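Input: a single structure, listed below in structure tokens.
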Amino acid sequence: MAWLIVGLKLRSLSNALRSSRRATISFILSTTLAAVVAAIVFTSLAVLRGHGAAVDEATAIFTAFAFGWLVLPIFAFGLDATLDPATLAPYPLRPRPLATGLLAASATGAWPLANVLGLLGVVIGLARGVPGLLIAPAAVLLQVLFCVTLARFVTTGLAGLLRSRRGKDLAAFLLLPVFACYQVLSQVVPRMAFEGKLRPASFAGLDRWLRWLPPGLAAHAVRDASSGRTGAALLSLLLLAAVTAALGWLWTGILRRALVTVDTTTQSSAVRRGALPFARYGLRGTVAARFWIYQRREPSSLIYWGIVGVVMIAASVSSLLTPSYRGALLSSAGIGAALLAIFHSNSAGMTGPAFVFEAMALTSRRALRCYFSGQNLALSVIAVPLLTAISFGLAAIAGHPAAGFLAVAVDFAGIGASMALSNIFTARLPYPTEKREGSPVRGATEGHAARALGATFGSLLGTAVAVGPVAAAEVLTSTDPAVVRIPVLLVCAAGYGIALAWAGVRIAARVAEPKLPELCQIALHSAA
Amino acid sequence: MGEAAIVVRGLRKTFGAKEAVAGIDLDVAAGSCAGLVGPNGAGKTTSLSMMTGLLRPDAGQVLIGGLDVWSDPRAAKAAIGVVPAGVRLFDRLSGAELLEYAGRLRGLPAAEARARAGQLLGVLDLTADAGRLVADYSTGMRKKAALGCALIHNPPVLFLDEPLEGVDPVSADVIRRLLARLAASGSTVLFSSHVMELVEQVCDHVSIIDKGRIVASGPIQQVRHGKTLQQAFIDLVGARAAGEEELSWLGSSSG
Numbered sequence: 001m002a003w004l005i006v007g008l009k010l011r012s013l014s015n016a017l018r019s020s021r022r023a024t025i026s027f028i029l030s031t032t033l034a035a036v037v038a039a040i041v042f043t044s045l046a047v048l049r050g051h052g053a054a055v056d057e058a059t060a061i062f063t064a065f066a067f068g069w070l071v072l073p074i075f076a077f078g079l080d081a082t083l084d085p086a087t088l089a090p091y092p093l094r095p096r097p098l099a100t101g102l103l104a105a106s107a108t109g110a111w112p113l114a115n116v117l118g119l120l121g122v123v124i125g126l127a128r129g130v131p132g133l134l135i136a137p138a139a140v141l142l143q144v145l146f147c148v149t150l151a152r153f154v155t156t157g158l159a160g161l162l163r164s165r166r167g168k169d170l171a172a173f174l175l176l177p178v179f180a181c182y183q184v185l186s187q188v189v190p191r192m193a194f195e196g197k198l199r200p201a202s203f204a205g206l207d208r209w210l211r212w213l214p215p216g217l218a219a220h221a222v223r224d225a226s227s228g229r230t231g232a233a234l235l236s237l238l239l240l241a242a243v244t245a246a247l248g249w250l251w252t253g254i255l256r257r258a259l260v261t262v263d264t265t266t267q268s269s270a271v272r273r274g275a276l277p278f279a280r281y282g283l284r285g286t287v288a289a290r291f292w293i294y295q296r297r298e299p300s301s302l303i304y305w306g307i308v309g310v311v312m313i314a315a316s317v318s319s320l321l322t323p324s325y326r327g328a329l330l331s332s333a334g335i336g337a338a339l340l341a342i343f344h345s346n347s348a349g350m351t352g353p354a355f356v357f358e359a360m361a362l363t364s365r366r367a368l369r370c371y372f373s374g375q376n377l378a379l380s381v382i383a384v385p386l387l388t389a390i391s392f393g394l395a396a397i398a399g400h401p402a403a404g405f406l407a408v409a410v411d412f413a414g415i416g417a418s419m420a421l422s423n424i425f426t427a428r429l430p431y432p433t434e435k436r437e438g439s440p441v442r443g444a445t446e447g448h449a450a451r452a453l454g455a456t457f458g459s460l461l462g463t464a465v466a467v468g469p470v471a472a473a474e475v476l477t478s479t480d481p482a483v484v485r486i487p488v489l490l491v492c493a494a495g496y497g498i499a500l501a502w503a504g505v506r507i508a509a510r511v512a513e514p515k516l517p518e519l520c521q522i523a524l525h526s527a528a
Numbered sequence: 529m530g531e532a533a534i535v536v537r538g539l540r541k542t543f544g545a546k547e548a549v550a551g552i553d554l555d556v557a558a559g560s561c562a563g564l565v566g567p568n569g570a571g572k573t574t575s576l577s578m579m580t581g582l583l584r585p586d587a588g589q590v591l592i593g594g595l596d597v598w599s600d601p602r603a604a605k606a607a608i609g610v611v612p613a614g615v616r617l618f619d620r621l622s623g624a625e626l627l628e629y630a631g632r633l634r635g636l637p638a639a640e641a642r643a644r645a646g647q648l649l650g651v652l653d654l655t656a657d658a659g660r661l662v663a664d665y666s667t668g669m670r671k672k673a674a675l676g677c678a679l680i681h682n683p684p685v686l687f688l689d690e691p692l693e694g695v696d697p698v699s700a701d702v703i704r705r706l707l708a709r710l711a712a713s714g715s716t717v718l719f720s721s722h723v724m725e726l727v728e729q730v731c732d733h734v735s736i737i738d739k740g741r742i743v744a745s746g747p748i749q750q751v752r753h754g755k756t757l758q759q760a761f762i763d764l765v766g767a768r769a770a771g772e773e774e775l776s777w778l779g780s781s782s783g
């Protein structure tokens with residue numbers, strides 16, 4: 001049974017690999033990334049040798065891996081057919097051999113191997129003497145077995161939820177904290193380490209409570225064995241094995257039930273009853289109402305807004321307490337607006353086949369203007385307060401709240417530019433999209449990456465150029481009294497942004513009118 | 529035949545080397561209900577997409593109530609309701625919001641759109657689910673919601689692509705009754721379907737399309753030639769099964 005399920009996983013991987021060039025590239029990138037992560041983790045653990053806080057850092061790394069195994073399979077739920085017990089429920093399988101097979105399948109692949117190889121860095125970094133060298137590999141293998149069992153326990157336990165629309169929404173929202181962690185690790189940590197604010201000694205005492213979690217038991221077993229406390233080390237490993245066995249027993253029980261339990265994916269809840277908003281404003285208000293509701297109910301919309309906030313903060317936070325805080329505030333505002341343009345630069349393709357529903361009513365250039373301006377109004381209702389609040393928040397952190405007004409002027413111009421650019425790219429450079437398993441947001445379908453890249457870089461460049469005059473005006477008037485300068489800048493930037501958005505709507509409507517059937521075909525070829 | 533509500537002349541579409549629609553002519557009289565039947569890949573969806581302004585034809589003309597779909601799309605689209613194949617709706621709206629949205633998109637005042645949405649939801653047996661997100665609807669409920677959206681502006685001509693595909697018998701009966709009522713009230717309905725029983729029950733005219741060409745068209749009795757529509761259809765397009773002798777092991781009497 002184990003070989004059969006491992007074979008199923010290997011076959012699905014090889015079929016996915018052959019299915020398209022994109023899949024091949026993704027596989028190569030993922031395998032390369034796994035090798036890089038293994039090398040980095042191995043090196044990070046190996047260089048701990050002799051550090052006072054070595055066991056604290058090792059515990060933190062072991063715990064981080066366990067957290068990864070806890071969260072990432074939730075994203076991969078639709079990608080790995082062996083994660084969902086419903087795919088195996090029709091077959092007459094006994095739970096125990098099935099569980100063994102599923103565990104073996106989980107341990108198959110580049111990432112589990114990278115996990116083992118990376119953590120083996122403790123053999124150099126933490127282990128001393130024969131007992132340490134013997135205990136370290138056993139601790140790593142037990143830690144990985146615990147992680148694999150934990151991942152299975154969580155995905156099987158949540159399978160019903162993850163299969164449902166609401167569960168998929170929840171899984172999508174998990175992307176935001178993961179993205180925020182990535183931003184902290186890639187932007188904030190390297191800068192803090194470079195500035196000497198983060199050193200190995202900073203981790204001292206971290207394992208005061210982490211050591212009692214299963215990953216901490218593994219790391220401390222290596223340290224105990226290396227310092228002559230072999231009995232304590234063996235006891236830690238025994239405890240880890242017992243926790244893993246208990247988790248495995250619980251998981252097998254859940255699996256047994258999942259194989260004979262009715263699927264409940266059609267359960268749903270009602271939304272608050274009420275009329276659509278903006279009823280007084282004709283077609284523009286109608287379109288704005290739909291976009292407004294979607295900004296609240298569509299997980300990808302909420303994720304996009306979250307990403308705008310996280311990137312604005314991450315891009316500037318490390319420079320806020322330096323003399324270059326002004327530049328950081330302005331660039332943060334510009335980046336936020338550019339992201340807004342990128343995320344909405346393919347409205348028909350991103351809406352998917354449902355766009356046809358609207359297209360049947362978009363029968364004139366005037367109607368198309370209403371469509372684009374309605375979309376812009378709904379987005380502005382969120383963008384203006386969000387970007388303004390973040391800019392003022394960052395200025396407050398910098399200790400110069402008044403500088404927030406300057407960033408807000410860039411926000412106003414940038415939001416107008418982003419609306420104009422997103423409308424024009426929607427009409428000029430549309431492309432079909434698809435939602436791939438494991439990703440909560442839509443991406444370009446194969447063969448259309450060039451258009452997506454064109455829209456992305458066009459949006460970035462276009463926003464940068466468009467906010468340039470506002471940034472230049474701020475520099476040129478820097479010696480003028482703030483009481484005059486700031487209101488004038490804000491009013492002019494807002495007027496400039498509105499003019500850009502107005503022009504964008506008119507250009508986009510003129511471009512889209514003769515190619516509405518082609519826009520419909522792009523929407524229809526976008527997988528729902 | 530009375531005055532034609534739908535006139536199609538020489539409609540043609542090619543995708544690369546494949547000729548999906550090879551120049552079809554079709555007339556559907558005002559107030560009639562016509563079915564467009566054909567095997568998979570025959571060109572039904574492509575034809576309906578071109579007739580409703582969603583796919584630009586390579587050649588040919590489509591008139592809806594005398595309005596050219598491709599030279600006057602604004603007026604032509606205002607006169608039609610469409611339920612496209614593989615219904616995709618705004619699934620983050622509730623059923624009630626979706627129908628109201630459809631009505632307002634079609635220019636109805638908000639109060640009127642809301643009132644009609646409520647009435648249509650009632651007829652379509654969706655009142656109890658009006659507050660649920662469309663994302664949580666079953667296939668049958670989605671089809672019914674899409675039909676409601678297509679009808680809310682009371683179009684004189686209705687196009688439906690596979691209205692009963694993937695629909696349970698109860699929802700199918702609701703759709704069937706609504707189509708029959710529309711046809712009886714003088715609206716013009718053209719729909720594609722694999723369900724011959726539905727076509728026989730509801731339609732007065734049928735056109736059979738195969739390999740992008742209309743191979744038979746006319747009043748349903750004339751096309752049937754005294755047979756069932758299913759048999760007439762099989763006779764015209766040919767039965768397509770092969771290799772069954774290789775399945776000699778299949779069945780409880782086999783070893």
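One line per chain: the protein sequences are Y and L, in this order. FYI, the numbering used here numbers position 55 of the first sequence as 55, with every residue one higher than the one before it. Just so we're on the same page, the numbering used here is the position in the second sequence counted from 1, plus 528. Glycine included, every Cβ here is placed at the ideal spot set by N, Cα and C. These figures come from a predicted structure and were not determined experimentally.
Look up residue i in the DSSP assignment and say whether it is helix, strand or coil.
i               : result
T456 of chain Y : helix
E547 of chain L : strand
L429 of chain Y : coil
P97 of chain Y  : helix
F27 of chain Y  : helix
I592 of chain L : strand
F719 of chain L : strand
E541 of chain Y : Because chain Y in this structure spans residues 1 to 528, residue 541 of chain Y falls outside the shown range and cannot be described.
I680 of chain L : coil
S622 of chain L : strand
G783 of chain L : Reliability of the predicted coordinates at G783 of chain L is poor, the pLDDT of 49 falling under 50, and no value is obtained from them.
Strictly under 9 angstroms for the Cβ-Cβ distance: is residue i near chain L by that measure?
i               : result
S364 of chain Y : yes
F357 of chain Y : yes
Y294 of chain Y : yes
C520 of chain Y : yes
Any beta carbon of chain Y sitting closer than 9 angstroms to that of residue i?
i               : result
T542 of chain L : no
T716 of chain L : no
G783 of chain L : Since pLDDT at G783 of chain L reaches only 49, below the 50 mark, its modelled position is unreliable, and no value is offered.
E625 of chain L : yes
V536 of chain L : no
E628 of chain L : yes
D619 of chain L : yes
K605 of chain L : yes
L675 of chain L : no
Nearest CA to the CA of residue i: which residue from the options?
i               : options                           : result
A139 of chain Y : Y:A104, Y:P85 and Y:R223          : Y:R223
P487 of chain Y : Y:F412, Y:H400, Y:I293 and Y:G228 : Y:F412
V511 of chain Y : Y:E195, Y:G336, Y:Y496 and Y:A427 : Y:A427
A136 of chain Y : Y:L234, Y:L198 and Y:Q187         : Y:L234
S575 of chain Y : Y:L141, Y:Y304, Y:S422 and Y:S364 : Lying before the first or after the last residue shown, residue 575 of chain Y is absent from chain Y, which here runs from 1 to 528.
R741 of chain L : L:V535, L:F543 and L:A570         : L:A570
A54 of chain Y  : Y:A403, Y:L126 and Y:S226         : Y:L126
V467 of chain Y : Y:A499, Y:M350 and Y:L141         : Y:A499
R632 of chain L : Y:I522, Y:Y281, Y:R442 and Y:G443 : Y:Y281
Which term fits residue i, buried or exposed, when burial requires 16 or more other beta carbons within 10 angstroms of its beta carbon?
i               : result
K197 of chain Y : exposed
I40 of chain Y  : exposed
E446 of chain Y : exposed
S20 of chain Y  : exposed
L33 of chain Y  : exposed
N115 of chain Y : buried
P85 of chain Y  : buried
G462 of chain Y : buried
K541 of chain L : buried
T756 of chain L : exposed
> Contact between the region 375-383 of chain Y and the region 544-564 of chain L: three or more CB pairs below 8 angstroms?
Replying inline: The region 375-383 of chain Y and the region 544-564 of chain L do not touch, with fewer than 3 CB-CB distances between them shorter than 8 angstroms.
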